[in-house]
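Report on one structure; see the data block that follows.
Residue numbers (my numbering), protein chains in the order written: chain A, 1457 to 1974; chain B, 3 to 46.
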């Protein structure tokens, strides 16, 4: 069976950028920046981008293209190819399939809310909500929270979830060129147009309330950008910046490995990785930083924005923004653009999360695309249900903690060490520059070998020290939610074990068939 | 918005836009390549 390929170079760059550009760019970044020193946050942010983000981007593009040359699209095969004397390394690669599946199963549900809210914005369904309390209640009703003591279910939310889920699997079913590449080629430009229109509207708001001229969008930019130098002395701020970089670039998950595996020998990875990262940064720092916080500041002032920022990303996206946009002329259209933008960002990310598992079934088990997508759809659909039905019981938080936070840093650390130390910096550097259109400065050899792994290990240790005990020992989880949380942990562990057995089985089968294992 | 805020904003935006413009122009200028999968040697 011929291996799939990308149709164009711009296509793969937009697909990787689409994977990176997600809800975090427009909701998580502004909240993190506002909470961690404003403009001063950008110093650790750019340091982390240069020392962790870009190196990881290049590592994943290079490893992906390298592994693709041996017919592997996912981490178990790639890691085994890199270190074929170690029989256990392929099991570390399981994290590169486990993480994307876990994120996919909760991310798709959140993405479906965005589709639902795009529809509500167009039809004016939430126009009657004019306070944060009523908008918050609207969201809870939509999610089905509080209507039943046992499950959180609402028909509209489930209907939009089904549409979103089917859309995702159909795109993946259509394949790399006709599905993922095509969607990203059209979806990302539309996303940027929506983002620029919203940004222009917000920045020209002035002071909506003439009685309070200090509440304006420019002072809102100040809330985000005015530097608090004392923040630079706090380790937490540096770790928050490094975490944001890993999160926003979609590195350490395994999806870039899979996307890059569809490149061919002569395809550049150095410039493509840089372009994808730069595209993501435009969406995050320039567009993402210029919409929600300035808009919230103009309408709610300093105290209101502080409280909104403390409320977190969901509150900002689903409660504050619809309220703010509703108060502007053409509010329904702007609301549609806001949720449409987030939905497009979500879709281009979630399809990248589905692809590793589908590719794993195709490559390692010889399944056809149709059968691989069917198996993935059936399993992930079942796994989505606890997130939907027990939304307020902490299930989604567990998925996010293990799949979207812990595994991300752990996997990034492992692949960096493998690339720089096991594969060897000499070979790694040569691979990185095969077909390259740019020459990466030589000091990056030192950075990739020493600084990036040390930075990632420090991030992992600090995070485990600071937040690990409370998160692992469930200190902040109400007693009533404990059974649900433990059940979701058991589910995640079962998924991890099943994937490890699948890897074992695939390798055993290959050995029996006498196939080359590398 | 303080002067410090404007400086951080301007430097960040210009830096990002500069790298984005450079890398995108270079990407669009280079023609697409397609060919054989990489014939690399597995490491140990």
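Using N, Cα and C, we set each Cβ at its ideal position, and we do this for glycine too.
Minimum C-alpha distance to residue i - residue among the options
| i | options | result |
| --- | --- | --- |
| residue 1709 of chain A | A/1866, A/1670, A/1673 and A/1742 | A/1866 |
| residue 1644 of chain A | A/1655, A/1520 and A/1472 | A/1472 |
| residue 1501 of chain A | B/9, B/8 and B/14 | B/14 |
| residue 1956 of chain A | A/1545, A/1490 and A/1550 | A/1550 |
| residue 1833 of chain A | A/1547, A/1489, A/1629 and A/1677 | A/1629 |
| residue 1790 of chain A | A/1653, A/1746, A/1799 and A/1840 | A/1653 |
| residue 1693 of chain A | A/1525, A/1553, A/1504 and A/1931 | A/1504 |
| residue 1831 of chain A | A/1813, A/1819 and A/1742 | A/1813 |
| residue 1482 of chain A | A/1774, A/1537 and A/1466 | A/1774 |
| residue 1948 of chain A | A/1571, A/1857 and A/1878 | A/1857 |
| residue 1818 of chain A | A/1464, A/1515 and A/1528 | A/1528 |
| residue 1667 of chain A | A/1714, A/1704, A/1754 and A/1905 | A/1754 |
| residue 1778 of chain A | A/1537, A/1544 and A/1586 | A/1586 |
| residue 1478 of chain A | A/1892, A/1512, A/1640 and A/1766 | A/1640 |
| residue 1620 of chain A | A/1563, A/1631 and A/1603 | A/1563 |
| residue 7 of chain B | A/1681, A/1721 and A/1950 | A/1681 |
| residue 1642 of chain A | A/1882, A/1966, A/1474 and A/1846 | A/1474 |
| residue 2 of chain B | A/1758, A/1890, A/1733 and A/1816 | The shown model of chain B, from 3 to 46, leaves out residue 2 of chain B, and the question about it has no answer. |
| residue 1768 of chain A | A/1552, A/1508 and A/1592 | A/1592 |
| residue 1700 of chain A | A/1615, A/1860 and A/1730 | A/1860 |
| residue 1944 of chain A | A/1882, A/1853, A/1931 and A/1911 | A/1853 |
| residue 1561 of chain A | A/1513, A/1622 and A/1512 | A/1622 |
Rounded distance between the beta-carbons of residue j and residue i, thought under 8 Å
| i | j | result |
| --- | --- | --- |
| residue 1492 of chain A | residue 1687 of chain A | 6 Å |
| residue 1518 of chain A | residue 1888 of chain A | 5 Å |
| residue 1748 of chain A | residue 1756 of chain A | 11 Å between Cβ atoms; not a contact. |
| residue 1683 of chain A | residue 1496 of chain A | 4 Å |
| residue 1846 of chain A | residue 1940 of chain A | 5 Å |
| residue 1515 of chain A | residue 1871 of chain A | 6 Å |
| residue 1702 of chain A | residue 1864 of chain A | 6 Å |
| residue 1876 of chain A | residue 1904 of chain A | 5 Å |
| residue 1780 of chain A | residue 1751 of chain A | 5 Å |
| residue 1469 of chain A | residue 29 of chain B | 6 Å |
Chain-ordered neighbours of residue i on chain B, where CB pairs are closer than 7 Å
| i | result |
| --- | --- |
| residue 1498 of chain A | 10 and 14 |
| residue 1893 of chain A | 28 and 32 |
| residue 1674 of chain A | 3 |
| residue 1682 of chain A | 3, 4, 6 and 7 |
| residue 1469 of chain A | 29 |
| residue 1572 of chain A | None at all; the shortest Cβ gap to chain B is about 32 Å. |
Amino acids of chain B, ordered along the chain, whose beta-carbon sits closer than 8 Å to that of residue i
| i | result |
| --- | --- |
| residue 1738 of chain A | 18, 19 and 22 |
| residue 1741 of chain A | 14, 15 and 18 |
| residue 1735 of chain A | 22 and 26 |
| residue 1730 of chain A | 21 and 25 |
| residue 1768 of chain A | The contacting residues do not exist; residue 1768 of chain A stays about 24 Å from chain B at best. |
Endpoints, alpha helix (DSSP H) assigned at residue i
| i | result |
| --- | --- |
| residue 1834 of chain A | 1825–1845 |
| residue 1666 of chain A | Careful: residue 1666 of chain A lies outside any alpha helix (DSSP H) and carries neither H nor E. |
| residue 1702 of chain A | 1691–1705 |
| residue 1908 of chain A | 1908–1922 |
| residue 1684 of chain A | First-last for residue 1684 of chain A: undefined, no H or E at that position. |
| residue 1958 of chain A | 1938–1968 |
| residue 1812 of chain A | 1787–1821 |
| residue 1870 of chain A | 1863–1873 |
| residue 1624 of chain A | 1611–1629 |
| residue 7 of chain B | 5–31 |
| residue 1783 of chain A | Run containing residue 1783 of chain A: none; DSSP gives neither H nor E here. |
| residue 1748 of chain A | 1748–1767 |
| residue 1935 of chain A | Looking at the DSSP string, residue 1935 of chain A is not in any alpha helix (DSSP H), and its letter there is neither H nor E. |
| residue 1658 of chain A | 1638–1659 |
| residue 1575 of chain A | 1551–1579 |
| residue 1486 of chain A | 1485–1491 |
| residue 1586 of chain A | It is not in any alpha helix (DSSP H) - residue 1586 of chain A carries neither H nor E in the DSSP assignment. |
| residue 1475 of chain A | 1465–1476 |
| residue 1900 of chain A | 1899–1902 |
| residue 1889 of chain A | Note, residue 1889 of chain A: premise wrong, no alpha helix (DSSP H); not H, not E. |
Closer than 9 Å at the beta carbon, the chain B residues around residue i
| i | result |
| --- | --- |
| residue 1980 of chain A | Coverage of chain A is limited to positions 1457 through 1974, which leaves residue 1980 of chain A absent and any answer about it impossible. |
| residue 1727 of chain A | 25, 28, 29 and 32 |
| residue 1671 of chain A | Within chain B, no residue comes near residue 1671 of chain A; the closest Cβ sits about 13 Å away, beyond 9 Å. |
| residue 1532 of chain A | Simply none; closest approach about 14 Å. |
| residue 1661 of chain A | Residues of chain B passing the Cβ test: none, with the nearest at roughly 14 Å. |
| residue 1677 of chain A | 3, 7, 8 and 11 |
Heavy atom of the ligand SAH within 7 Å of residue i beta-carbon
| i | result |
| --- | --- |
| residue 1535 of chain A | Inclusion of the ligand SAH in the displayed structure is not the case, the ligand content being empty and no account of it being possible. |
Checklist entry - Any chance the region 1947–1965 of chain A sits against the region 1655–1671 of chain A, with 3 or more Cβ pairs inside 8 Å? => result No, the region 1947–1965 of chain A does not touch the region 1655–1671 of chain A.
Next on the checklist: Quick test of the definition: if touching needs 3 or more C-beta pairs under 8 Å, does the region 1574–1587 of chain A touch the region 1788–1802 of chain A?
Outcome noted: With the rule of 3 Cβ pairs closer than 8 Å, the region 1574–1587 of chain A counts as touching the region 1788–1802 of chain A.
Checklist entry - Is the number of C-beta pairs between the region 1802–1814 of chain A and the region 1624–1639 of chain A that are closer than 8 Å three or more? => result The region 1802–1814 of chain A vs the region 1624–1639 of chain A: in contact.
Checklist entry - Are the region 1512–1530 of chain A and the region 1821–1831 of chain A in contact at 8 Å, needing three or more beta carbon pairs? => result Contact between the region 1512–1530 of chain A and the region 1821–1831 of chain A is absent, because fewer than three Cβ pairs lie under 8 Å.
Item to check | Contact the region 1894–1902 of chain A vs the region 1719–1734 of chain A: 3+ CB pairs below 8 Å | outcome: Result yes; three or more Cβ-Cβ pairs closer than 8 Å.
Checklist entry - Should the region 1836–1854 of chain A be called in touch with the region 1670–1678 of chain A, which here means at least 3 C-beta pairs below 8 Å? => result Segments in contact, no.
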